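Numbering (the working numbering), first residue to last: 7 to 130.
Using N, Cα and C, we set each Cβ at its ideal position, and we do this for glycine too.
Bear in mind the structure is a predicted one, so any value in this text is a computation, not a measurement.
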């Protein structure tokens, strides 16, 4: 087997491995928030409040990662979706802002992630 064939096989293997370990999906409850393959949405926890002035959406997800991995995943991936990290708290919480939206991500001691999304429809 030539050196080039070996390199191609290695590249394909790495691509397939990386896709399977970080396969992206999206939350059903907050449809534009990506989830890691080891984060499972708890669909029955979805809460939606919609009014003329804005919207509040909340959902929980179970994770099979370390808290550090979850926080790192969201700090990296949400930039690609236009979210700007505004606050990172010691107690495993991240706050992002995008246009008129706020996204809070909190991780509790039971491997549960709480996503809260707030959208203001009023002009500031």
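With DSSP collapsed to three states, give me the class of residue i.
i	result
residue 11	helix
residue 128	coil
residue 96	coil
residue 61	strand
residue 109	strand
Spatial neighbours of residue i within its chain, please: CB distance less than 6 Å, with the 5 preceding and 5 following residues excluded, ordered by chain position.
i	result
residue 52	35 and 65
residue 115	none
residue 55	62
Only counting the same chain, and skipping five residues up and downstream in sequence, which positions put a Cβ closer than 7 Å to that of residue i?
i	result
residue 46	67 and 68
residue 92	101, 102 and 103
Return yes when the Cβ of residue j is within less than 7 Å of the Cβ of residue i, no when it is not.
i	j	result
residue 100	residue 111	yes
residue 48	residue 124	no
residue 76	residue 118	no
With distance defined between alpha-carbon atoms, name the residue in the options nearest to residue i.
i	options	result
residue 71	13, 108 and 41	41
residue 60	11, 106, 83 and 8	106
To which residues of the same chain is residue i closer than 8 Å at the C-beta, ignoring the five residues directly before and after it?
i	result
residue 23	Residue placement at residue 23 cannot be trusted, given a pLDDT of 47 that sits under 50; what the coordinates show is reported in the next sentence. The answer is none, since no qualifying residue turns up.
residue 31	40, 41 and 43
residue 81	91, 94 and 100
Would you mind giving the Cβ-Cβ distance between residue i and residue j, rounded to the nearest angstrom? I have them listed as a contact below 8 Å.
i	j	result
residue 33	residue 121	7 Å
residue 58	residue 98	Not quite, the Cβ-Cβ distance comes to about 34 Å (not below 8 Å), so this is no contact.
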